[in-house]
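If you count the sequence shown from 1, position 407 lands on 407 in the UniProt record's numbering, and the numbers rise without skipping.
We put the CB at the ideal spot given by N, CA and C, even for glycine.
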Amino acid sequence: MLDVQILRKLIRRIQRNQRRLDTLDGYYEGERRLQALGLALPPELEQLATVINWPGMYVDSLEERLDIEGFRLGGSTRTDERLWDWWQANDLDEESGLLHLEKLITGGGFITVGSPDARSDPPVMTVESPRYMTAVTDPRTRRVIASARLYSDDEDGTPATHATLYLENRTVHYRRRDGQWEEDKADDHKLGVSLVVPVANRQRIRNRAGHTEMRDIMGLTDAACRSLTNLQGAQELLSVPQRYVLGASEDDFKDQDGNPIPAWQAYLGRFLTLMNDQAKVGQFPAADLRNFTEVLNWYARAVSAMTGMPAHYLGFTSDQPASADAIRSSEARFVKRAERQIRSLSGPWEAAQRRAMLVKGLDPNDAVRLETVWRDPATPTFAAKADAIVKLVQAGLLPREAAWEQMGWGPEYRRRLRQLSDDDPAVRFLAEEEQDEPVVDDEDAAA
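This is the structure we're talking about:
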C-alpha cells in the first residue's frame with residue numbers, strides 16, 4: 001500500500017472519532033446541555049437549565065496529582081541530567097500535564113519524537129490529542145506500525161492543511177493542495193520503529209484503545225443536571241407562597257388614576273386597604289423543596305463512591321474540622337487511583353525517552369531499566385512527611401539523595417542542595433574520614 005493511501009485511511013479513522021470526542025469535551029467543559037440528552041424543556045425553563053460539572057472536577061482533581069520530577073537510569077542513584085535537559089527543552093514540564101489531562105478526558109493521547117533541526121539540538125518531543133491523531137498497532141507485538149497527525153496553519157477551526165505520517169523507518173510530511181495530499185518532505189531515519197508512543201486510559205485485554213475516566217459518572221451527571229433544572233423550575237414557581245383575596249372588588253386592584261396595578265405590585269402588598277370590610281386575605285403554604293436537594297446529595301454521594309473522591313471535595317462538610325489522619329483516610333482510594341494512573345503513564349514516557357535516544361544515535365539498551373520519578377500523589381502534611389523521612393535517614397534506611405527526592409524537591413533544587421553540601425567543609429571532612437577508615441573483614445574482626 002502506498003504511503004498516501006495509508007494516510008487517507010488513517011484520516012478517515014480520525015474523522016470517525018470526532019463525534020465521540022465532541023461528547024466527551026462537552027462533559028469535561030460543563031457544556032453538555034439537557035437538550036443534547038433528548039429532554040424536551042418548555043421554552044420558559046430553557047434559560048433555567050443548569051449543568052453541574054462533576055466530570056471536570058473529577059478529572060482535574062486526579063490530574064493535579066500526576067507530576068513528573070525526572071528519569072532515573074538503571075544502576076543510578078540520581079535522576080539523569082541529559083534526559084531531563086531534553087524534557088525541559090521541549091517544555092514537557094508544562095506539556096506533560098496536558099497529555100495526562102487529555103488521557104483522562106478522551107481515553108488516550110500520543111507522544112511524538114522527531115529529529116532536531118540541528119545535530120547539536122535535543123530531539124523534538126511533543127504531546128498530541130486523538131482529536132487530530134491516530135495510530136495502528138500490530139496485534140501481535142502491540143508496536144505502532146503507522147500513525148498520522150493532522151494540523152493547520154491557522155488555529156481557527158479551518159480544515160487541516162498539513163499531515164504527518166509516521167512509519168517504522170520514515171516520517172513523511174504532507175501538504176494539502178487542491179484537495180489532494182502531496183508529499184512535502186520526508187525523514188528517512190531507518191530506525192526500525194515508529195516515533196510515536198500511544199497513551200491509553202484504563203486499557204483492557206479486549207480493548208487496548210482505552211476509555212474515558214469520566215465514564216462511570218456521566219450518567220449520574222445527567223441525572224443530577226435534570227434534578228437541578230427541576231429544582232430551578234420549582235423554585236421559580238413554588239418556592240414563594242401563593243396568596244389569595246376573598247371578597248375584594250376589581251377597584252381594589254387599581255391605582256389612584258384608575259389604572260390596573262401590576263400583579264407583582266399587588267403580590268408585594270402595594271395595596272393596603274380593601275373597600276369590603278368582610279374581605280379576607282391569606283396565603284397557601286410554600287412548597288418544600290428539600291426532596292430536590294436530598295436527591296442531589298444522593299447523586300453526589302454516588303459520584304464519590306464511583307470515583308473515590310473524598311466527600312469534602314463534593315461539598316459535604318461537618319462543623320468539626322477533619323483531622324489530618326481523617327483526611328488521609330478519606331483520600332486513600334483516590335490516591336490509589338492516582339498511583340494506578342502513574343503506573344500506566346510511566347511506560348509511555350519511558351518508551352518516548354528511549355526513542356529520543358535512538359534519534360540522537362544513542363543505544364536505547366542502556367535505558368532498558370529506565371524509570372520515571374513521580375511526585376508523591378498523596379497529600380501528607382509537610383511536617384509529617386519530614387518527620388518520617390528523618391527517622392528513615394537516622395535508621396540508615398534512606399540515603400541523603402533519596403530523602404531529598406522523597407520530600408518532593410525537584411531536580412534543580414536537589415542539584416543546588418548537593419552543591420551547597422559539597423561546599424560545606426564539615427561535610428567534606430566527614431566524607432574524607434569515611435573514605436580513610438580501614439575496611440575490616442569479618443574474619444579479622446573475629447580474630
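Test item: CB-CB of residue i and residue j under 9 angstroms
i: A200; j: R206; result: no
i: F284; j: P241; result: yes
i: A338; j: R32; result: no
i: R176; j: A186; result: no
i: P399; j: V390; result: no
i: R143; j: T137; result: yes
i: V373; j: E412; result: no
i: G70; j: R369; result: no
i: A223; j: Y299; result: yes
i: T212; j: G347; result: no
i: W86; j: D93; result: no
i: residue 473; j: G233; result: Here the chain covers residues 1 to 447 and nothing more, so residue 473 does not appear.
i: S115; j: H189; result: yes
i: W181; j: V59; result: no
Rounded separation between residue i and residue j - CA only
i: R78; j: W84; result: 11 angstroms
i: H100; j: I52; result: 23 angstroms
i: P123; j: V197; result: 15 angstroms
i: G109; j: R226; result: 32 angstroms
i: L195; j: R170; result: 9 angstroms
i: R328; j: P310; result: 10 angstroms
i: S248; j: D277; result: Residue 248 is actually Ala in this sequence, not Ser. Each residue's alpha carbon lies about 9 angstroms from the other.
i: L246; j: V281; result: 6 angstroms
i: D117; j: N90; result: 13 angstroms
i: R243; j: Y27; result: 42 angstroms
i: E81; j: E371; result: 14 angstroms
i: V359; j: F316; result: 52 angstroms
i: A163; j: D387; result: 54 angstroms
i: K9; j: A148; result: 9 angstroms
i: S76; j: E29; result: 43 angstroms
i: D216; j: R375; result: 27 angstroms
i: L141; j: A351; result: For the record, residue 141 in the displayed sequence is Thr; it is not Leu. Rounded to whole angstroms, T141 to A351 spans 15 angstroms at the Cα level.
i: residue 480; j: G408; result: The requested residue 480 is not part of the displayed model; the chain covers only 1 to 447.
i: D366; j: L345; result: 21 angstroms
i: Q18; j: E102; result: 14 angstroms
i: Q419; j: P139; result: 49 angstroms
i: A445; j: G396; result: Only weak support exists for where A445 lies, its pLDDT of 46 falling under 50; the coordinates are left without a value.
Beta-carbon contacts of residue i that lie in its chain and below 7 angstroms, excluding the five residues immediately before and after
i: L228; result: T50, I52, L296
i: G308; result: R333, F334, R337
i: N230; result: F292
i: A279; result: V245, L246, G247, A248
i: E168; result: I145, G192, V193, S194
Own chain partners of residue i with C-beta closer than 8 angstroms, once the 5 adjacent residues on each side are dropped
i: R270; result: Only weak support exists for where R270 lies, its pLDDT of 49 falling under 50; the value from the coordinates is given anyway. Once the five neighbours on either side are set aside, the close Cβ partners of R270 are I261.
i: Q235; result: L289
i: L21; result: T106, P130, R131
i: S61; result: M309, Y313, F334
i: G179; result: none
i: R16; result: none
i: P364; result: R354, R355, M357, L358
i: L98; result: V127
Anticipated Cβ contact below 8 angstroms, residue i with residue j, distance rounded
i: V193; j: E183; result: Wrong, their Cβ atoms sit about 21 angstroms apart, outside the cutoff.
i: Y166; j: L7; result: Contact flag wrong, Cβ pair sits at about 10 angstroms.
i: A402; j: V113; result: That belief does not hold up - the Cβ atoms of A402 and V113 are roughly 30 angstroms apart, past 8 angstroms.
i: L150; j: I11; result: 7 angstroms
i: M125; j: I111; result: 7 angstroms
i: P377; j: M214; result: With 8 angstroms as the limit, P377 and M214 do not qualify as a contact, their Cβ atoms being about 19 angstroms apart.
i: W349; j: I68; result: 7 angstroms
First and last residue of the uninterrupted beta strand (DSSP E) at residue i
i: P310; result: First-last for P310: undefined, no H or E at that position.
i: D189; result: A small correction: the amino acid at residue 189 is His; Asp does not occupy that position in the sequence shown. No beta strand (DSSP E) contains H189, which DSSP labels as neither H nor E.
i: A163; result: 162 to 167
i: G97; result: Element bounds for G97: not the beta strand (DSSP E) but the alpha helix (DSSP H), 92 to 106.
i: residue 510; result: Because the chain in this structure spans residues 1 to 447, residue 510 falls outside the shown range and cannot be described.
i: L246; result: 243 to 246
i: F71; result: 68 to 72
i: V196; result: 196 to 200
Close-in-space but distant-in-sequence residues of the same chain around residue i (CB under 6 angstroms, 5 per side omitted)
i: Q203; result: G210
i: E95; result: V127
i: A302; result: L220
i: S304; result: A311, L314
i: L238; result: A287
i: D154; result: none
Extent of the continuous alpha helix (DSSP H) run through residue i
i: I52; result: First-last for I52: undefined, no H or E at that position.
i: M218; result: 215 to 237
i: V393; result: 382 to 394
i: E350; result: 332 to 359
Proximity test, Cβ basis, 9 angstroms: residue i and chain D
i: F292; result: No chain D appears in this structure, which consists of one protein chain only.
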